[in-house]
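K.L.:
The working numbering puts the last residue of the sequence shown at 231; the count rises by one with no breaks.
Dropping the structure in here first, questions after.
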Amino acid sequence: MDTVRLQKYLADSGVASRRKAEELIRQGRVSVNGNITTELGTKVQNNDIIYLDGKEVKKEEKKVYIVLNKPVDYVSTVKDQFNRPTVIDLVKVKERIFPVGRLDYDTSGLLILTNDGSLTYRLTHPKHEIKKVYLATIEGLPTKEEIEKFEKGLKIEDYITAPAKFKIVEGSKRSSIVEITIHEGKNRQVRKMCQAIGHPVLQLMRISFGNIHLGDLKEGQWREEKTLKL
């Protein structure tokens, strides 16, 4: 009988992304056949009995792929400790799903929700360098020199950003609309990069994630895809 790594089994079961599943294992919250395991290399089979926090984990048979146009003032989590509205509140499906990565509370646009842990891993792991495109309204009109700095990489706190793309869609001295393409996903990265060149973000929306595009979805609306191709 085929065996898989425990973290992959958890991810494929819709519990969480593979990285989050690894964290759950390290925390000693997962048991296999009655025994707590913290070893990431643990192999399991379909007939093994696996529990997370005392509840049995069973593989999801149907994979669900949701593309949501996230509004601002929603958090990109399944539950929120401050009882703020979450993106899960917007999507009505019977399967247990979770967001792929995050969009900030004050950022709108394309967010993927799924129970496919393997897809989540491929979309979010830095080694795959999946491109994400944003439309941002920023203060002022960046100079050619500022754009070059942005595209080459900026010192943000304790790291230097990877090369990015920056295109002015509409520009004026007061504010501009720009298209920004990055493949990293650090906390509030686009906002911090724009701040670093002296043009703070006024409004931010993600319009694509790899080959997946927002299309004509309005804020708060979602669509279900049969599958998602990277």
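Where a beta carbon is used, it is the ideal one built from N, C-alpha and C, also for glycine.
Count the other C-beta atoms from every protein chain shown that fall within 10 angstroms of the C-beta of residue 28, then say buried if there are 16 or more, exposed otherwise.
P.N.:
exposed
K.L.:
How many Å lie between residue 185 and residue 132 at the Cα?
P.N.:
8 Å
K.L.:
Answer yes or no: do residue 147 and residue 200 have a C-beta to C-beta separation smaller than 9 Å?
P.N.:
yes
K.L.:
Would you check if the distance between the CB atom of residue 74 and the CB atom of residue 86 is smaller than 9 Å?
P.N.:
Closer than 9 Å, so yes.
K.L.:
Report the start-end ranges of each beta strand (DSSP E) in the region 35-116 that is 3 residues or longer and not cut off at the edges.
P.N.:
For secondary structure counted as the beta strand (DSSP E) over 3 or more consecutive residues, the region 35-116 holds these complete runs in sequence order: 51-53, 66-71 and 109-115.
K.L.:
Please determine, among 60, 67, 195 and 56, the residue with the shortest C-alpha to C-alpha distance to residue 47.
P.N.:
60
K.L.:
Could you tell me which of 96, 217, 25 and 49 sits nearest to residue 41, measuring between CA atoms?
P.N.:
Residue 25 is the option with its Cα nearest to residue 41.
K.L.:
What distance in whole Å lies between the Cβ atoms of residue 64 and residue 6, which are believed to be in contact at a cut-off of 8 Å?
P.N.:
That belief does not hold up - the Cβ atoms of residue 6 and residue 64 are roughly 19 Å apart, past 8 Å.
K.L.:
Can you tell me whether residue 67 is buried or exposed, with buried defined as 16 or more other CB within 10 angstroms of its CB?
P.N.:
buried
K.L.:
Tell me the rounded alpha-carbon separation between residue 156 and residue 32.
P.N.:
43 Å
K.L.:
With distance defined between alpha-carbon atoms, name the residue in 164, 144 and 149 nearest to residue 176.
P.N.:
144
K.L.:
What is the rounded straight-line gap between the Cα of residue 121 and the Cα of residue 34?
P.N.:
27 Å
K.L.:
What are the boundary residues of the beta strand (DSSP E) that includes residue 224?
P.N.:
223-226
K.L.:
Nearest to residue 163 by CA position, among 226, 149 and 124, is which residue?
P.N.:
Considering only 226, 149 and 124, the residue with the shortest C-alpha distance to residue 163 is 149.
K.L.:
Would you mind giving the Cβ-Cβ distance between residue 112 and residue 53, rounded to the nearest angstrom? I have them listed as a contact below 8 Å.
P.N.:
Residue 112 to residue 53, Cβ: 24 Å. No contact.
K.L.:
Could you give the C-beta distance for residue 118 and residue 11, rounded to a whole number, given that I count them as a contact under 8 Å?
P.N.:
7 Å
K.L.:
With distances taken Cα to Cα, identify the nearest neighbour of residue 20 among 174, 84, 8 and 95.
P.N.:
Put simply, of 174, 84, 8 and 95 the residue whose alpha carbon is nearest the alpha carbon of residue 20 is 8.
K.L.:
Mind checking who residue 28 pairs with in its DSSP beta bridge?
P.N.:
Per DSSP, none; premise fails for residue 28.
K.L.:
With a 10 Å radius around its C-beta and 16 neighbouring C-beta atoms as the bar for buried, classify residue 170 as buried or exposed.
P.N.:
exposed
K.L.:
Check whether the Cβ atoms of residue 208 and residue 136 lie closer than 9 Å to each other.
P.N.:
Going by C-beta atoms, residue 208 is nearer than 9 Å to residue 136.
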